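In what follows, a structure is listed as structure tokens, so that the remarks can point back to it.
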Amino acid sequence: MSTVSHIIGQHFRHAAKDPMTKHFLRALNGETLSRPPFWLMRQAGRYLPEYRQVRSGAKNFLDFCYTPDLAVEVTLQPLRRYDLDAAILFCDILVIPDALGQKVDFIEGSGPVLEPLRGVADLGRLSLDRLHDHLAPVYETVSRLSREIPKETTLIGFAGAPWTVASYMVEGHGSKDFAATRTWAYSDPEGFGQLIDILIEATSKYLIAQIDHGAEVVQLFDTWAGVLSPSQFDQWVIEPTAKIVSNIKKAHPHIPVMGFPKGVGILYKTFVERTGVDGVSLDQTVPCRWIAEQLQPLCTVQGNLDNMALIAGGQRMEAEMQDILETLTGGPFIFNLGHGILPQTPPENVARLARIIKDWEA
Ligand code: CP3
């Protein structure tokens with residue numbers, strides 16, 4: 001095929017939704033934009049009264065995630081209020097243990113509860129056989145969203161990264177120190193590695209299927225990466241992430257992958273250098289000047305307003321935003337929070353944040 005017909009062919013394929021005119025994808029492709037694109041982690045959620053309304057009609061949280069009518073509706077809710085550049089699929093990272101056959105429950109007020117896995121012998125309870133069948137409703141949600149979101153909005157798919165998902169599977173609930181998981185990882189790396197390998201395979205298949213159904217970018221959430229020593233970070237965060245990125249790129253070479261290893265400080269740089277991600281999401285503890293100097297030459301950066309500053313609002317929030325915007329709009333950048341929006345966040349503070357970004361010219 002000649003170059004010209006190749007280009008025309010591509011142009012035709014994307015005529016309905018020309019991806020490269022999307023502000024969000026341009027930033028992920030390495031462009032420096034005078035007005036940065038933005039979205040917010042957990043942008044759909046309990047801080048919105050319309051979310052609580054829909055949520056109150058579903059019997060439990062996982063059923064809610066597996067009901068495309070409801071998941072599509074709550075994904076779209078924040079887009080109706082704010083001029084966001086991206087929509088993130090509404091779902092949860094714990095659908096993977098559920099799809100592998102581990103019992104997962106969400107208890108009102110206390111978070112997720114799983115039947116814990118405490119050693120290699122327990123891995124027999126997991127199976128990859130029903131993965132896609134089990135997750136079919138999520139793929140249906142992605143397909144519908146890809147048809148229903150505004151044409152200038154980018155659709156983000158996501159999954160939890162193996163380390164963070166494993167930590168819930170092993171502890172059986174959230175934790176402050178992840179003692180059982182970290183001890184297993186040190187005392188029996190071969191056995192714990194088998195769990196991580198199952199998660200690498202499941203997560204790769206899950207994200208590739210989300211892309212097959214219309215996700216234009218995917219993000220890996222590694223919320224608890226920050227509790228690991230450098231050697232353990234290497235083994236349980238960098239290596240699994242690099243494998244997932246490589247599996248996705250084999251199936252979909254042009255789909256950007258973003259990583260969010262929360263709380264890892266200077267190890268963010270190693271993460272970017274060694275995993276092959278196209279973008280990295282930063283938590284609020286990382287100085288913007290360091291991000292601009294050390295990470296932005298390597299990939300697109302995303303972040304990192306403190307979610308508590310968004311709750312407080314007012315002058316202090318605006319000063320924090322100003323610092324982030326001034327320092328990071330000199331390179332490829334997506335504005336976001338350092339971690340997800342909390343339920344007590346006033347929706348009007350989110351509106352103010354959106355206004356400041358829309359009015360920003362670097
Ligand atoms: O960003 C979005 O808008 C997409 C939706 C999304 C949810 N969870 C919805 C959700 C995403 C990306 C997640 C990721 C997730 N889930 C992570 C990684 C990112 C992070 O925030 O750290 C983790 C660790 C989980 C696991 C999880 N899910 C926990 C610990 C809880 C309970 C916490 C709580 O506040 O009750 C959930 C439940 C959950 N996931 C809710 C939402 C909107 C609240 C449940 C409800 O509405 O009843």
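Take 1 as the starting number for the sequence shown in the working numbering and just add one per residue. The beta carbon of each residue, even a glycine, is placed where N, CA and C say it ideally should be. Note that this is a predicted model, so its numbers are computed, not measured.
Near leucine 89, which residues of its chain fall below 8 Å by C-beta distance, leaving aside the five closest residues on each side in sequence?
Excluding positions up to five away in sequence, the list reads Ala71, Thr75, Val138, Thr141, Val142, Leu145, Leu155, Ile156, Gly157, Phe158, Gln210, Ala215.
DSSP three-state label for serine 167, please.
Helix at serine 167.
In the DSSP assignment, the beta strand (DSSP E) including alanine 159 goes from what residue to what residue?
Looking at the DSSP string, the run of the beta strand (DSSP E) that includes alanine 159 is 154-160.
With a Cβ-Cβ cutoff of 8 Å, do alanine 185 and proline 240 count as a contact?
Cβ distance not < 8 Å, so alanine 185 and proline 240 don't count as in contact.
Alpha carbon to alpha carbon, how far is aspartate 98 from glutamine 232? Give it in angstroms, no decimals.
C-alpha separation (whole angstroms): 26 Å.
Our contact map puts leucine 84 next to phenylalanine 38 with C-beta atoms below 8 Å; I'd like the distance itself, whole angstroms only.
Yes, leucine 84 and phenylalanine 38 are in contact; Cβ-Cβ is about 7 Å, under 8 Å.
Could you give the residue range of the beta strand (DSSP E) that holds glycine 279?
That run of the beta strand (DSSP E) goes 279-281.
What's the C-alpha gap between proline 287 and glycine 174?
Cα-Cα distance, rounded: 28 Å.
What do you get for leucine 128, buried or exposed, if any count of 16 or more other CB atoms within 10 angstroms of its CB means buried?
Under this definition leucine 128 is an exposed residue.
Check the C-beta distance from arginine 42 over to glycine 340 and give it rounded, since I have them as a contact under 8 Å.
Yes, arginine 42 and glycine 340 are in contact; Cβ-Cβ is about 3 Å, under 8 Å.
From which residue to which residue does the beta strand (DSSP E) around methionine 258 run?
From DSSP, the beta strand (DSSP E) with methionine 258 extends over 257-261.
Taking just the CA atoms, how far does glycine 279 sit from phenylalanine 24?
Near 11 Å, if we compare the C-alpha coordinates of glycine 279 and phenylalanine 24.
Are the beta-carbon atoms of tyrosine 82 and leucine 135 separated by less than 8 Å?
Not in contact: tyrosine 82 and leucine 135 (Cβ atoms no closer than 8 Å).
Near glycine 331, which residues of its chain fall below 7 Å by C-beta distance, leaving aside the five closest residues on each side in sequence?
Contacts found: Thr32, Ala292, Gln296.
Can you tell me which of the three DSSP states proline 240 falls into?
Note: proline 240 maps to helix in three-state DSSP.
With H, G and I counted as helix, E and B as strand and the rest as coil, what does DSSP make of aspartate 69?
Here aspartate 69 sits in helix by DSSP.
Keeping to the same chain, check which residues put their C-beta closer than 8 Å to that of glutamine 194; ignore five residues upstream and five downstream.
Cβ neighbours of glutamine 194 beyond the five flanking positions: Val120, Leu123.
Is there at least one non-hydrogen atom of the ligand CP3 closer than 7 Å to the beta-carbon of aspartate 92?
Answer for aspartate 92: yes, Cβ within range of the ligand CP3.
Rounded to whole angstroms, what's the CA-CA distance from isoleucine 96 to valine 165? Just pull it up for me.
So the alpha carbons of these two residues sit roughly 8 Å apart.
Check for me: the beta strand (DSSP E) holding glutamine 302 runs from which residue to which?
Run containing glutamine 302: 300-305, per the beta strand (DSSP E) assignment.
Just to confirm, are methionine 246 and glycine 276 a CB contact at a threshold of 8 Å?
Residue identity check: residue 246 is serine in the sequence provided, not methionine. Taking 8 Å as the Cβ cut-off, serine 246 and glycine 276 qualify as a contacting pair.
How is glycine 111 classed by DSSP in three states: helix, strand or coil?
Glycine 111 falls in the strand class under three-state DSSP.
So, helix, strand or coil for glutamine 296, using DSSP?
DSSP places glutamine 296 in coil when its eight states are reduced to three.
Nearer than 7 Å: is that true of the beta carbon of arginine 352 relative to any heavy atom of the ligand CP3?
Arginine 352 Cβ: outside cutoff for every heavy atom of the ligand CP3.
Taking 7 Å as the cut-off, does the CB of alanine 71 come closer than this to any heavy atom belonging to the ligand CP3?
Every heavy atom of the ligand CP3 is 7 Å or more from the Cβ of alanine 71, so no.
I need the straight-line Cα distance from leucine 62 to isoleucine 200, nearest angstrom please.
Cα to Cα, leucine 62 sits roughly 22 Å from isoleucine 200.
Check each candidate in Met321, Leu131, Gly30, Val272 and name the one with the smallest Cα separation from asparagine 349.
The shortest Cα separation from asparagine 349 among Met321, Leu131, Gly30, Val272 belongs to Met321.
Ignore the nearest five residues each way along the sequence and tell me which others in alanine 86's own chain have a CB closer than 6 Å to its CB.
Excluding residues within five positions, the ones whose Cβ falls inside 6 Å are Phe24, Trp39, Thr154, Ile156.
Using a 10 Å radius around the Cβ and a threshold of 16 neighbouring Cβ atoms, would you call glutamate 171 buried or exposed?
Classification of glutamate 171: buried, given that the 10 Å Cβ count is 16 or more.
From this set, Glu326, Phe192, Pro189, Leu79, which residue's C-alpha is nearest aspartate 151's C-alpha?
Checking the sequence shown, residue 151 turns out to be lysine, not aspartate. Of the candidates Glu326, Phe192, Pro189, Leu79, the one whose C-alpha sits nearest the C-alpha of lysine 151 is Leu79.
If you follow the alpha helix (DSSP H) that alanine 365 is in, where does it begin and where does it stop?
Beyond the ends of the chain as shown, which are 1 and 362, falls residue 365; an answer cannot be given.
Rounding to the nearest angstrom, what Cα-Cα distance links leucine 325 and histidine 254 in this structure?
One C-alpha to the other measures close to 28 Å.
Among the candidates Pro343, Val104, Thr285, whose CA atom is the shortest distance from the CA of proline 116?
It is Val104.
What span of residues does the alpha helix (DSSP H) with aspartate 323 cover, start to end?
Element bounds for aspartate 323: 314-328.
Taking the runs of the beta strand (DSSP E) that are 3 residues or longer, which of them lie wholly in the region 74-135?
Counting whole runs of 3 or more residues, the region 74-135 contains the beta strand (DSSP E) stretches 86-88, 104-107, 111-114.
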